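Student: With UniProt numbering as the guide, the letters of the sequence shown map in order to residues 1 to 332. Ideal placement from N, C-alpha and C gives every residue a C-beta, glycine not left out. Small disclaimer: the values here were computed from a predicted structure and weren't measured. There's a structure below that I have some questions on.
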Amino acid sequence: MVPDRRTVEVTVARACRAPSLHNSQPWHWVMSATELRLYSDPDRLLPATDGFGRQMVISCGAALNHLEYAFAAHHWRPLIERLPRSSNRQLLSTIGFAPAPNPTDFVARMAAAIERRRTERLPLDAPPAWRETLEQLVRITAGTGVDLEDLGERSRPALEEASRRMTGLRHDDPTYQAELRWWSGRGLFPDGVPEQARPSDRQQHAVHLSREFPPGRASTPDGSPSEDRSAILLLSTSADSRLDWLRSGEALSSVLLACTDRGLATCPVTHLTERASTRTMLRELSSGAGMPQVLIRVGASTRAPTPPTTPRRPLSEVLVRERPAPSNAHGE
Ligand SMILES: Cc1cc2nc3c(=O)[nH]c(=O)nc-3n(C[C@H](O)[C@H](O)[C@H](O)COP(=O)(O)O)c2cc1C
């Protein structure tokens with residue numbers, strides 16, 4: 001039993017609202033007569049930033065988690081198999097279906113948050129009721145194989161210093177810079193990080209823990225705090241396999257949606273996970289011995305009204321229907 005065509009299209013479109021490295025949207029979906037399949041799209045790998053495809057798989061994991069909430073809101077329970085045996089290395093998941101009862105209030109709220117979530121790169125105020133939020137985020141990620149830790153204010157100076165050093169190193173890396181420019185400011189394309197989502201020159205440097213993008217048009221209203229007071233979360237895993245990456249993306253998605261549901265702004269931050277030295281530093285700052293996968297800034301946005309969401313590729317580019325194999329009329 002599978003959902004009808006319209007339900008598949010609506011839910012896959014919602015899954016594609018997931019965050020991805022530089023809005024590269026490195027996913028490809030195939031709907032067959034019996035199941036949906038999720039593949040990573042190697043044409044959308046960012047070699048200078050993400051040579052091993054770790055963040056490509058994390059991005060696909062985020063889309064898989066978005067898909068799960070979107071289907072649940074439509075009364076379907078996706079039966080997810082991760083990294084099924086296949087000769088195709090890009091196959092990340094097969095998804096079967098079972099009918100499901102009414103979504104719980106929590107699931108309905110997580111699904112509704114998909115359309116409201118966006119990455120906020122401007123300085124954030126400290127998140128209100130943080131202890132309660134953190135307890136919920138720890139509950140949501142428990143049992144997923146991904147550890148969530150609040151690195152706390154004590155880590156900020158070391159993180160900011162490492163971020164400054166990383167930004168300096170990247171200034172001297174023309175291949176990285178060319179890739180970043182390619183994925184920024186391509187106004188006519190439905191991918192990349194658009195101008196309205198990139199901080200202005202003045203505000204770029206107010207957030208010391210951030211990846212540097214070419215300056216854009218996003219800025220906070222005059223008079224709002226120019227210093228970033230966001231909480232800083234770290235997602236890490238015990239090993240560094242493709243399954244760990246996929247699971248990290250799923251956990252990232254759940255955390256971002258739960259924060260959005262609580263009215264909080266979020267920003268995934270990964271430049272410090274892209275070099276062995278800064279990854280080791282993150283590991284030492286954390287209380288566990290896991291492999292750091294993603295940092296997340298969480299706080300209260302000072303921007304009003306919120307900017308439009310970033311564009312996505314048309315569904316026809318990312319979702320295909322598999323034609324049933326023609327039956328053999330001669331029964332051979
Ligand atoms: C694996 C991954 C890594 C990311 N790294 C960063 C980052 O280092 N800095 C940043 O500002 N945004 C980062 N993002 C956020 C993406 O740029 C963002 O999701 C994308 O541009 C789409 O925009 P949206 O999240 O507003 O829909 C990352 C997202 C993912 C999934």
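Contact between the stretch 98-111 and the stretch 66-77: three or more CB pairs below 8 Å?
Tutor: Segments in contact, yes.
Student: In the DSSP assignment, find the alpha helix (DSSP H) that holds Arg321 and state where it starts and stops.
Tutor: For this step, residue 321 is matched to residue 321 along the sequence shown. Looking at the DSSP string, Arg321 is not in any alpha helix (DSSP H); the run it does join, the beta strand (DSSP E), is 319-321.
Student: By the DSSP assignment, the alpha helix (DSSP H) with Gly61 in it spans what residues?
Tutor: Numbered from its first residue, the sequence shown carries residue 61 at position 61. It spans 54-73 - the alpha helix (DSSP H) in which Gly61 sits, taken as one unbroken run.
Student: May I ask you to report which of helix, strand or coil DSSP gives Trp27?
Tutor: Taking the first residue of the sequence shown as position 1, residue 27 is located at position 27. It is a strand residue.
Student: Just to confirm, is the Cβ distance from Met56 to Leu64 under 7 Å?
Tutor: Working through the sequence shown from its first residue, we reach residue 56 at position 56. Working through the sequence shown from its first residue, we reach residue 64 at position 64. For Met56 and Leu64, no; Cβs fall outside 7 Å.
Student: Rounded to whole angstroms, how far is the Cβ of Arg198 from the Cβ of Arg121, which I believe are closer than 8 Å?
Tutor: The residue given as residue 198 occupies position 198 in the sequence shown. The residue given as residue 121 occupies position 121 in the sequence shown. Contact holds; Cβ gap of about 7 Å.
Student: Which residues does DSSP pair with Tyr39 in a beta bridge?
Tutor: Position 39 of the sequence shown holds residue 39. Tyr39 is bridged to His28, Leu91.
Student: What residue range is occupied by the uninterrupted alpha helix (DSSP H) comprising Ala113?
Tutor: Position 113 of the sequence shown, counted from the first residue, corresponds to residue 113. From DSSP, the alpha helix (DSSP H) with Ala113 extends over 105-116.
Student: Give the straight-line distance between the Cα atoms of residue 420 and Cys60, rounded to the nearest whole angstrom.
Tutor: Residue numbering for the chain in the displayed model covers 1 to 332; residue 420 lies beyond these limits and cannot be assessed.
Student: Quick one: measure Cβ to Cβ for Ser163 and His205, integer angstroms, because I've assumed they're closer than 8 Å.
Tutor: The count along the sequence shown starts at 1 and reaches residue 163 at position 163. The count along the sequence shown starts at 1 and reaches residue 205 at position 205. Contact flag wrong, Cβ pair sits at about 11 Å.
Student: Could you compute how far the alpha carbon of Leu234 sits from the alpha carbon of Pro314?
Tutor: As a position in the sequence shown, residue 234 is number 234, starting the count at 1. As a position in the sequence shown, residue 314 is number 314, starting the count at 1. Going from the Cα of Leu234 to the Cα of Pro314 covers about 32 Å.
Student: May I ask which residues mark the beginning and end of the alpha helix (DSSP H) holding Trp245?
Tutor: In the sequence shown, the residue the question calls residue 245 occupies position 245. Its alpha helix (DSSP H) spans residues 242-261.
Student: With a floor of 3 residues, list each beta strand (DSSP E) that falls wholly inside the stretch 218-242, ordered by position along the chain.
Tutor: For the stretch 218-242, whole beta strand (DSSP E) runs of length 3 or above, ordered along the chain, are 231-237.
Student: Taking the CB atoms as reference points, tell me whether Thr141 and Ala251 lie closer together than 7 Å.
Tutor: The residue you call residue 141 lines up with position 141 of the sequence shown. The residue you call residue 251 lines up with position 251 of the sequence shown. Closer than 7 Å, so yes.
Student: In whole angstroms, what separates the C-alpha of Asp201 from that of Glu179?
Tutor: Counting from 1 along the sequence shown, the entry for residue 201 is found at position 201. Counting from 1 along the sequence shown, the entry for residue 179 is found at position 179. Using only the alpha carbons, I get a separation of about 20 Å.
Student: Determine the direct distance from the alpha carbon of Ser20 to that of Leu38, and round the result to whole angstroms.
Tutor: Indexing the sequence shown from 1 puts residue 38 at position 38. Indexing the sequence shown from 1 puts residue 20 at position 20. So the alpha carbons of these two residues sit roughly 15 Å apart.
Student: Cα-Cα, which of Ser277, Met291, His22 is closest to Gln177?
Tutor: Working through the sequence shown from its first residue, we reach residue 177 at position 177. Measuring from the Cα of Gln177, the nearest candidate turns out to be His22.
Student: Are Val294 and Thr309 closer than 7 Å when you measure CB to CB?
Tutor: Residue numbering aside, residue 294 sits at position 294 when the sequence shown is read from its first letter. Residue numbering aside, residue 309 sits at position 309 when the sequence shown is read from its first letter. The answer is no: Cβ separation not under 7 Å.
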